[in-house]
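Residues -18 to -1, 1 to 1148, numbered by mature numbering (1 follows the signal peptide of the UniProt record, and there is no 0), are exactly what the sequence shown covers, in order. Beta carbons are placed, not taken as given, at the ideal position from N, Cα and C, and that holds for glycine. Bear in mind the structure is a predicted one, so any value in this text is a computation, not a measurement.
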Amino acid sequence: MALLEYIILLMLWGSCSAEAECGPPDSIPIAELVGEWDKESYPHGTEATYLCRPGYIKVGRILWKCLNGEWKEVNPMVKCRNKPCGHPGDLLYGSFDLTRGTDFVFGSRVEYQCDDGYQMISRVNYRECTATGWNNYVPQCEVRKCLPVQPPQNGRIVMTSISDVDEEYPYGYILLFECDSPNYKLSGPNELYCMKSGEWSADVPACEVISCQEPSIPNGKMMSRLPRKMQYENKERIQYECDPGYKHESRGYSECIENGWNPAPSCIEIVCSFQNVVNGNLQPEKNVYRENERVNLICNKGYQPEYKDEFPKCTKTGWSSPLLCVHKDCSFPEIENGRLLQTQYSTYKNYYFPMRKGRKIDYICTEGFFTEEGNSWGGIECTDEGWSPVPKCIKEMCESFRVVNGYPESSAARYQVGDKGRYSCYQGYSTPEGMSSGEIECLKNGWSVQPTCIKICTKPVLHHGHYSDKPVFMAGDILQYECDEGYMTSDRNIIERLKCTESGWTKTPECIAITCSVDDEIPNGVSTPQKEEYENGHVLKFSCNENYKIKGEELRQCYYFGWFPKTLPQCIEITCKRPSRKGALLSPHLQIYKHLDTVNISCEDGYKINGSDLIQCYSFGWYPKPPTCQEVGDEEENTNGTVDENHGVKKPSKLPTDSANRTNTNDTSLSGLVKKCPPAPQLENAETVPSKDYYNGDTVKYICNENCQLQGKEEIECKNEKWTSPPRCIKSTEKCPYPPELHNTVEQNLKDHFNENDTVHFKCHETFILHGSESIQCRKGSWTSPPQCIETQVCKQPPTINNGKAATPLKPSYSDGDIVIYNCDSGYQAEESNEITCTGGKWSTPPQCKEALATCDQPPSISNGAIQGSELRKYKAGQSVTYRCINYYVMDGSPTVTCLQGRWSQPPTCFEPCTASDEEMKTNNIQLRWLDDEKLYVQHGHRVEFTCKYNYVVLPPSQEFRLTCIRGHLDYPKCIKHGSCMVSLVELVKNNLELGKEYTEVLHGSFITFKCKTGFSPVPRQNMKMKCHDTRLTYPKCTSSTPSKSCGPPLAIENGGISGTSISDYVHGSSVEYRCARYYKLKDPKPVVCNDGEWSNPPECVEPCTLNEDQIFKNNIVLSRQHRNEMFYTHMGFVEFECKYGYRFQGTSPLRAQCVNQTLVYPKCS
């Protein structure tokens, strides 16, 4: 028993001390067991080795060991990892994204996509990392292309480098379109670009004829002397004039261009704004002043108006003189026949004068001359009004004077030199200047003029009319007055002229209501409406009794000159001539038939009738049209009965029924024939009447067409084989009488009838002027008031003047409004205006040229120039000096200046030359075009020509290489290296980029690094460093979580617009280009870009220059032949001149002017 227990204990100990076994080792997805492992268990200490499956790699052994029944990893750091494949390869014109995995290792996948404007030509767009490396090949992208484009009708494609128009165009290619003729304009965009989708950005534009409609001009109208048209062609011009009190907003003519009228015709009211006057004020004070309105310029004490005009007037160009008050300093007193007592004041005049208020000085008279008080010397003081008293040294005296038709206001027996003698005119007389009183001056040789008063006519009273606002008229003056609308003169005119004579007006002006008396009624007719008297514009309508028709005009209208037409119409009996037909027999047979007579027509044997056998006479002739008789062969038998063509048809057993009303169906003759009427007449403007047989008692009712009115009875009845008188259907549109024939107008071809809104234009003969509207219009059956042609009053040769002569070329006669300009001789000057005007056949008062006594100080100095010869300290009136410029500087203006009225005329300017800078040429990659050209200096107005250096090309857009030196400045063109890329502002905005530094040009093969704008980030795995390849530069793209805003229509600019058609919405990055109207020039032309909802600043269209005829005349120049047909000159353009015959140019610059900011500086010939 003890032995058994021992054995059992021994077995239990053995089982406790033995180590546990392991089951089969686990499988690993990415690794494979080495050896056979098919047992159910494995003892403690067994090792299992794993190898990585294909596509995975390890460093070391992967070893697991059975320990106490569990498999334990011996080297936990050793794992099977994905095998790397390296970089999958870049795609030219494309990119890729890692779509599976996080690195380029076994199992990862990359997918490729092409850049915008490119398409993939490979079947597979991805690569996967396999155990053996990347599968597939790197795909390929090719540029997308757009289909060929055909040019529009009347247009062409320009700026394309593809020689065959049938070829496809690559993405990004731009086609520019233009019309063949300047008379056409593009409808649609002027450029198409091939989009990334392979489609063109828009449809091909069309070329349309440029035309403009006649403009409506508020407060203005077209010039009456020009023909009126409903439509105008390209470059055709119109001239227009503004109503009184209005002026042209820009100029008085417009030109038809592709965008319409340029500039748009506009008349604005002539007004001047109120100005605050320093040291003074205006009376009256108003916000605005209208044309011809004057103000009183009142200066504070101690101040005076800068100009003599104390009552400036509002004119078309602003105030007639500046509204300025200047301090009343006292200038050096010029004392005739005397001098200042202190000689230092005269010797150092410029130092002591002008003097301040309150200073006193003494003067002394030359021997034999005395002050007004009779002393040999006197004292004067500087006051607010100047020197007081005015220093005078006098000797001679004037006797008392007499006045023709007037009297002196003073009874003094003697007057000293310089004294004024005032006089007044008797009632009904005035001075030659039209004043009731005047004054004369005592001069050394007597009174200045003999005072005279001449007969005058006062302004007559006129009701219902108007005339010039002149208060007094001199003998010989003409007064033209015009009656208001609806009124006429006693001689039945609208406008008449009166003449002021020694005995008064030739007649009393009168405007009475326009009326026309009643004429006798016309026989066999009536007129409507019936009145005792007819007013202006009333229309009489004549109509005739039954069986009569009107001969002549049925309408006549009352005008200021009476009835028109003047001849009354006649009512003549309605008759019809006998129808003439070969082989026809008429019953009854007469020479003349009366209204409503009927005729039966039959044919002779051998003829057959073609048409109706019964016709009737109406006001409009026979109806139906008389039949004809046609020859036949053998007489055909009539198997259908016998027809008596003279008396109707044999009565059938039953009368036919129709829609006509029949009141008697039993009206037969003794022979049994039914009496019938001719076919019912078809009336103009009425519905068609059924064509059939009608019998006695039948009636036909007429219905007028739409917009027509029935005149007469609406029904006619068949009675005794004839119809009663038919009505008329007259169009409802009211027509007007024949337009009036006016005296002294040009004959014109007019149509026969005039309806509502029809217009007739009038034109006067030569030497006549049209007063009133140049056209009349038909309104509600009558014409508007017609104009009147008045003979032009011409002036004879202008009067001659002392110490001067007419500068305007003379002609045989002058019309109203003609102006003649006078020039005074050297040393003389005109006191007031130097021009006269022809008004009513009489010249205005000519200027007086008086001696210019004031002296001048030393002439002004000029920059870069000097005076030739030595200078004087003082210059007398009329003396001149001559300037010259230093080398290479060009003189602009006359080299000679003259002392006039104490002031020097305008001195010239010396314009600096341009220097052809080596540094600028190097910076812009240009050189002088001609190798032997050694122009270091280029004079103002002269030209120099550049060209690109070798292997360089012009920087787009095209630039001017032949440059003109403008006052020392040259706008150098720029060239870039062949193959270089230019960074595009449009692309930068579109892709939300900015440059790391200021780049403009990127050389071929060079790189440029972009960066995203603030708030944007690059597209994943996108390179921001790009390479320029043969002018092509790819731009990276930056995005933001917030989408960029779009822009509305581009900003409008004056005198220009965008090229192509504007749309309502532009995406971020869009760009537009502007162009200017004809003759305007684009300043700083560059694309305008939409950037996050805002457009960049648009360019400016600079206005052209127009010639100033007055300046050309005053400077004694004329246009050169090549410019004589031109009216506009673009900004920075030149216009060349020639001297008038007998004049020469003394400057050194070319005889031409350049348009700079709408200004031309004219050269001068002398």
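Alpha-carbon spacing of residue i relative to residue j, whole angstroms
i: LYS713; j: PHE543; result: 30 Å
i: TYR155; j: GLU218; result: 37 Å
i: ALA662; j: GLU738; result: 33 Å
i: CYS493; j: HIS446; result: 6 Å
i: GLY42; j: ARG109; result: 30 Å
i: LEU985; j: SER962; result: 4 Å
i: GLU703; j: LEU522; result: 38 Å
i: LYS1009; j: LEU977; result: 14 Å
i: LEU322; j: GLU853; result: 25 Å
i: ASN529; j: CYS238; result: 58 Å
i: THR782; j: THR549; result: 54 Å
i: LYS605; j: PHE546; result: Note that residue 605 is Tyr in the sequence shown, not Lys. The straight-line gap from Cα to Cα measures roughly 35 Å.
i: THR1088; j: GLY300; result: 20 Å
Exposure label - residue i; buried when at least 16 CB within 10 Å
i: PHE989; result: exposed
i: ASN274; result: exposed
i: SER236; result: buried
i: MET873; result: buried
i: PHE159; result: buried
i: TYR676; result: buried
i: MET470; result: buried
i: ILE1045; result: exposed
i: VAL92; result: buried
i: ASN620; result: Reliability of the predicted coordinates at ASN620 is poor, the pLDDT of 40 falling under 50, and the value obtained from them is presented with this limitation in mind. With fewer than 16 other Cβ atoms within 10 Å, it is exposed.
i: LEU168; result: buried
i: GLU1082; result: buried
i: GLU902; result: exposed
i: VAL1049; result: exposed
i: HIS1011; result: exposed
Beta-carbon contacts of residue i that lie in its chain and below 7 Å, excluding the five residues immediately before and after
i: PRO467; result: Residue identity differs from the one stated: residue 467 is Glu in this sequence, not Pro. So the list reads SER767, once near-sequence residues are dropped.
i: GLU613; result: GLY588, TYR589
i: TYR796; result: VAL776, CYS777, CYS820
i: VAL457; result: Residue identity differs from the one stated: residue 457 is Ala in this sequence, not Val. Closer than 7 Å at the Cβ level, and outside the excluded window around ALA457, lie ILE436, LYS437, CYS482, THR483, GLU484.
Close beta carbons around residue i, own chain, < 8 Å, minus the five adjacent residues each side
i: ARG560; result: LEU568, HIS571, LEU572, GLN573, ILE574, TYR575
i: ILE252; result: GLY227, TYR228, LYS229, ARG272, GLU273, CYS296, THR297, LYS298
i: residue 1150; result: Outside the shown range of the chain (-18 to 1148) lies residue 1150, about which nothing can therefore be said.
i: LYS342; result: GLY361, ILE362, GLU363, CYS364
i: ALA246; result: PRO197, SER236
i: SER179; result: ARG126
i: ASN1090; result: LEU1142, TYR1144
Contact check, residue i vs residue j, beta carbons under 7 Å
i: LYS47; j: LYS54; result: yes
i: CYS1072; j: CYS1020; result: no
i: PRO889; j: PRO955; result: no
i: GLU223; j: MET212; result: no
i: CYS161; j: GLY137; result: yes
i: CYS690; j: ASN667; result: yes
i: GLN286; j: LYS310; result: yes
Cβ shell of residue i (< 6 Å), same chain only, five flanking positions each side left out
i: PRO373; result: PRO315, ILE317, TYR345, ILE362
i: TRP116; result: CYS67, PRO70, ARG109
i: THR819; result: ILE801, SER826
i: GLN1136; result: PHE1116
i: TYR119; result: none
i: TYR1144; result: GLN1093, ASN1097, ALA1135
i: HIS1113; result: LYS1063, VAL1084, CYS1137
Minimum Cβ-Cβ distance from residue i to chain B less than 7 Å
i: PRO1086; result: In the structure shown, chain B does not exist; there is a single protein chain.
Distance cut-off 6 Å: residue i Cβ against heavy atoms of the ligand ATP
i: VAL1054; result: By its list of ligands, the structure shown contains no ligand whatsoever, and the ligand ATP lies outside what it can speak to.
Whole runs of the alpha helix (DSSP H) within the region 923 to 988, excluding any shorter than 4 residues: 967 to 972
Restricting to runs no shorter than 4 residues, where is the alpha helix (DSSP H) found entirely within the region 263 to 332? 325 to 329
Runs of 3 residues minimum, wholly inside the region 64 to 93: which ones carry the beta strand (DSSP E) assignment? 76 to 82
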